[in-house]
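Heads up: the sequence shown at position 99 corresponds to 99 in full-length UniProt numbering, and the numbers run straight through without jumps. Note that beta-carbon positions come from the ideal geometry of N, C-alpha and C, so glycine has one too. Here's the structure, in structure tokens; my notes come after.
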Amino acid sequence: MQTLRELEARIRDLEGTAVSTGQNLDTTLTPLRAQLARLRQQVTMTRWERVQLARIAGRPTALDYVERLTEDFVELHGDRTYGDDQALIGGPARWQGRRVMLIMQQKGRDTKDKIKRRFGSSNPEGYRKAVRLMDLADKFGLPVVALIDTQGAYPGLEAEERGQGWAIAESIQRMSRLRVPAVCAVIGEGGSGGALAIGIGNRVLIMENAWYSVISPEGAASIIWKDSAKAPEAAEALKLTAPDLLELGIVEEIIPEPTGGAHLDVDVAAEALGEAVSRHLDELAQQSPDEWVSGRAERFRKLGAYREDEK
1 MQTLRELEAR
11 IRDLEGTAVS
21 TGQNLDTTLT
31 PLRAQLARLR
41 QQVTMTRWER
51 VQLARIAGRP
61 TALDYVERLT
71 EDFVELHGDR
81 TYGDDQALIG
91 GPARWQGRRV
101 MLIMQQKGRD
111 TKDKIKRRFG
121 SSNPEGYRKA
131 VRLMDLADKF
141 GLPVVALIDT
151 QGAYPGLEAE
161 ERGQGWAIAE
171 SIQRMSRLRV
181 PAVCAVIGEG
191 GSGGALAIGI
201 GNRVLIMENA
211 WYSVISPEGA
221 ASIIWKDSAK
231 APEAAEALKL
241 TAPDLLELGI
251 VEEIIPEPTG
261 GAHLDVDVAA
271 EALGEAVSRH
281 LDELAQQSPD
291 EWVSGRAERF
301 RKLGAYREDE
311 K
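Here you go:
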């Protein structure tokens, strides 16, 4: 993996040199790019490496996908109680021509934007905004499309004072009762209740290099070993990657990414996400509101595996 990153860095440096100096470095870059393509096809990533890839600079955010897959998106602000949370955004839009209600976690694109959005970690007003959007979706018969990308709910003192846990629970309860279909997609990180709050879908999908877990690897390592440096070990134990989740029945489908990750070709990644979400919405459209509600309840009640040993 380190060799792959070193080669990527070398190519970026050469490309930057070519742009800044006007030199034609194709004779050097072409074989390096071919070598990089071969390495990407051969590499087998650990779970921790996939977690790192889900966090890599330049990975598409929710708004990157909105720009490529939707029209007429109108962002609605505020929770009508306290304020507007910039980490959780949403509103009505047309998803590849279909009217939907979008609910999304937005991490931010540059440092200033990431700080403003707290890297996608919501305060209680974010989850109360989500409930407001779900109410509107039910009122106007709009299918819900949720794009999940957060390490978890914001852990600050003020968030706890304003009822963080209660707000998450209300969002989970409200989403479970939607009388419209809901399709959720984990596009990057899916951590803890912060992700589950908008993850109660009839179908839950995940991008190939995303992760979804009850806790982040660093959080688990800090609790179990009192050492966040053991995050790679925690990632292996958590079985939090897309193939793990598909095998365990946590998700319905893995959405393929371009070789090397979605950040290398956002347009191709968006096309795959759009096709998968639209296909599941088409399938769900054949069902009734009662089937959507009962289907969600059945889906989540059957999650988890256990064994009763004979005595």
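Assign residue i to one of two classes, buried (16 or more other C-beta atoms within 10 Å of its C-beta) or exposed (fewer than that).
i    : result
K116 : exposed
D72  : exposed
N123 : buried
E257 : buried
W225 : exposed
I223 : exposed
K302 : exposed
D79  : buried
H77  : exposed
Sort out for me which residues DSSP pairs residue i with in a bridge.
i    : result
L147 : M104, A185
I56  : Per DSSP, none; premise fails for I56.
R98  : W95
Using three-state DSSP, classify residue i as helix, strand or coil.
i    : result
G165 : helix
L284 : helix
L25  : coil
G190 : strand
S213 : strand
T30  : helix
R177 : coil
T17  : helix
L205 : strand
I223 : helix
S121 : coil
D267 : helix
A195 : helix
G274 : helix
I11  : helix
For the alpha helix (DSSP H) holding residue i, just list the boundary residues, first then last.
i           : result
residue 324 : Nothing can be reported for residue 324, as the shown portion of the chain is limited to 1 through 311.
V74         : Where V74 is concerned, there is no enclosing alpha helix (DSSP H), given that its DSSP letter is neither H nor E.
I115        : 111–116
L245        : 242–248
W292        : 289–301
P232        : 231–238
L69         : 62–69
For the beta strand (DSSP E) that residue i lies in, which residues bound it at each end?
i    : result
P92  : 88–95
E253 : 253–255
Under 7 Å: does the beta carbon of residue i sit that close to some heavy atom of the ligand ADP?
i    : result
G141 : Because no ligand of any kind appears in the structure shown, any question about the ligand ADP cannot be addressed here.
Touching by the beta-carbon criterion (3+ pairs, under 8 Å), the stretch 176–191 and the stretch 17–35 = no
Three or more beta-carbon pairs under 8 Å between the stretch 168–182 and the stretch 133–145, yes or no?
-> yes
Taking contact to mean at least 3 C-beta pairs separated by less than 8 Å, is the stretch 48–64 in contact with the stretch 208–215?
-> yes
Check whether the stretch 99–117 touches the stretch 141–154, counting contact only when three or more Cβ pairs, one atom from each stretch, lie closer than 8 Å.
-> Short answer: they touch.
On the three-pair Cβ rule with 8 Å, is the stretch 233–252 touching the stretch 211–220?
-> yes
Does the count of Cβ pairs from the stretch 60–67 and the stretch 267–275 closer than 8 Å reach three?
-> yes
Does the stretch 4–16 come close enough to the stretch 194–204 that 3 or more CB-CB pairs lie under 8 Å?
-> no
Is there contact between the stretch 87–101 and the stretch 275–291, where contact requires at least three CB pairs shorter than 8 Å?
-> yes
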